[in-house]
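Trainee: In terms of the working numbering, the sequence shown is residues 1 to 268.
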Amino acid sequence: MNANFDLMHRCELVEVAQVAQGWFRLKLYAPPLTGAEPGQFIHLRAGIATDPLLRRPFSIHYVDQKAGEIWLLIRVVGSATFALSRLRPGACLDLLGPLGNTFPALEETAAPVLAAGGIGLAPLYFLARRRLEAGLAFDLLLGGAEGSSLPGDNFFDRVGLKPLLATEDGSRGFRGTVVDLLKQHLESGEKPARIHACGPLPMLARIVELGKAHAVPVHVSLESLMACAVGACLGCAFPFKINGKLEYRPVCRDGPVFNGEEADFNYV
Ligand SMILES: Cc1cc2nc3c(=O)[nH]c(=O)nc-3n(C[C@H](O)[C@H](O)[C@H](O)COP(=O)(O)OP(=O)(O)OC[C@H]3O[C@@H](n4cnc5c(N)ncnc54)[C@H](O)[C@@H]3O)c2cc1C
Ligand code: FES
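1) Tell me whether glycine 144 sits in a helix, a strand or coil according to DSSP, three-state version.
2) Tell me the DSSP bridge mates of asparagine 259?
3) Cα separation between leucine 96 and arginine 249?
4) State the CB to CB distance for the pair alanine 116 and valine 14, rounded to an integer number of angstroms; the pair is presumed to be in contact (CB under 8 Å).
5) Run through the DSSP bridge pairs and tell me what glutamate 69 is partnered with.
6) Which residues bound the beta strand (DSSP E) around histidine 43?
7) What do you reckon, are the CB atoms on leucine 161 and leucine 182 nearer than 8 Å?
8) Taking the DSSP output, what are the residues bridged to tyrosine 248?
9) According to the Cβ coordinates, are isoleucine 74 and isoleucine 60 closer than 8 Å?
10) Does the Cβ of asparagine 2 have 16 or more other Cβ atoms within 10 Å, making it buried, or fewer, making it exposed?
11) Whole angstroms are fine: how far does the CA of glycine 144 sit from the CA of tyrosine 267?
12) Compare the beta carbon distance of arginine 130 and leucine 150 with 8 Å and say whether it is the shorter of the two.
13) For a test of the three-state rule: what should DSSP assign to histidine 9, helix, strand or coil?
14) Please list the terminal residues of the continuous beta strand (DSSP E) segment that includes leucine 234.
15) Please specify which runs of the alpha helix (DSSP H), each continuous and at least 4 residues long, are wholly inside the region 125-182, giving them in chain order.
16) Relative to the C-alpha of cysteine 11, which residue among Arg56, Cys92 and Ile70 is closest?
17) Sorted by chain position, which residues of the same chain lie with C-beta nearer than 7 Å to aspartate 94's C-beta, five sequence neighbours on each side aside?
18) Quick test of the definition: if touching needs 3 or more C-beta pairs under 8 Å, does the region 122-136 touch the region 227-235?
19) State buried or exposed for glycine 211, treating a residue as buried only when at least 16 other CB atoms are found within 10 Å of its CB.
20) So for proline 57, helix, strand or coil by DSSP?
21) Does ligand 1 have a heavy atom nearer than 7 Å to the CB of isoleucine 70?
22) How about valine 19 and phenylalanine 103: are their beta carbons less than 8 Å apart?
23) Rounded to whole angstroms, what is the Cα-Cα separation between glycine 118 and leucine 142?
24) Assuming methionine 203 contacts proline 57 under a Cβ cut-off of 8 Å, what Cβ separation, rounded to an integer in Å, is found between them?
25) Roughly how many angstroms lie between the CA atoms of isoleucine 242 and leucine 84, to the nearest whole one?
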């Protein structure tokens, strides 16, 4: 496979801000990436030394075309995300992107539901803001274990987003999971055009079941562990049932957004 040099970029970090417990928003000056669409991701080197050796994939959280910036939203879970959270403005980051496909029907007039579990908010925030800026309706649902594990109200208010929150301890919004909240939303009689979901696999599996029960198509953004991110190593392959046949597809090349009904969560 030939390297695609158009996808290789070095970008300056403009801002790092903590937005919730263990969550950081990074703004990168990256004019060549400002054509990216909701759902796409970048593959980023988090350090110059050997730890972490491999790049890590991160969703494009927002594109600020005027400022020439792309934004990332990261939750610290290991060495790469910790290193990124400690960077200061002026740092230079090496990344590949934009990669992957986008959420379907970006400009559809009928309102979708965007269902995010925790840091699964990263790509859905971009989709929500894109629809908001285009004057298109949608509902954004966001779930977390507790209120402090999610960004504060100001994070959403300042850009005009009004998410429906679900927390398992009931400290903010609905008491329960985002799946429980989605179930209530669907049972209230409103039928969304589709559901876009991103979050942990058990959450996605349950949302696909809910979508089937209510005859609403579900699109899931999958977060496999990745090595090459360009379809060469098959390290990110995920199982799908297509026409009754089991098939493994690379999430980086064919996704990360897939038809939820085809994803085979039983095999993971
Ligand atoms: C397309 C895509 C988009 C992503 N977007 C974001 C994003 O916007 N923000 C964000 O914070 N993260 C995102 N991720 C996940 C992120 O790439 C991983 O969590 C990454 O491994 C973190 O690197 P680390 O070195 O900090 O942690 P690691 O040392 O790599 O991992 C720490 C621990 O988390 C576990 N882990 C890592 N990744 C996953 C995963 N995907 N599912 C389950 N367990 C995992 C590891 O097994 C390990 O136990 C995305 C992943 C994909 C594939
Ligand atoms: S990470 Fe190598 S094929 Fe997807």
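Where is the CB? At the ideal position from N, CA and C, for every residue including glycine. Please read these numbers as outputs of a predicted model, since none were measured by experiment.
Mentor: Reading from the atomic positions:
1) strand
2) His219
3) 21 Å
4) Actually they do not touch by this definition, with Cβ atoms about 25 Å apart.
5) Tyr29 and Asp64
6) 41-45
7) no
8) Pro239
9) In this structure, isoleucine 60 does not lie closer than 8 Å to isoleucine 74 by Cβ.
10) In this predicted model, asparagine 2 has a pLDDT of only 47, less than 50, meaning its place in the structure is not dependable; the value taken from the coordinates is given anyway. Looking at its Cβ environment, which holds fewer than 16 other Cβ atoms inside 10 Å, asparagine 2 is exposed.
11) 25 Å
12) no
13) strand
14) Counting along the chain, leucine 234 falls outside any beta strand (DSSP E), and DSSP gives it neither H nor E.
15) 153-157
16) Residue Cys92 is the option with its Cα nearest to cysteine 11.
17) Here the set comprises Arg10 and Arg45.
18) no
19) Per the 10 Å Cβ criterion, buried.
20) strand
21) Checking the Cβ of isoleucine 70 against ligand 1 gives no.
22) no
23) 7 Å
24) Actually they do not touch by this definition, with Cβ atoms about 19 Å apart.
25) 38 Å
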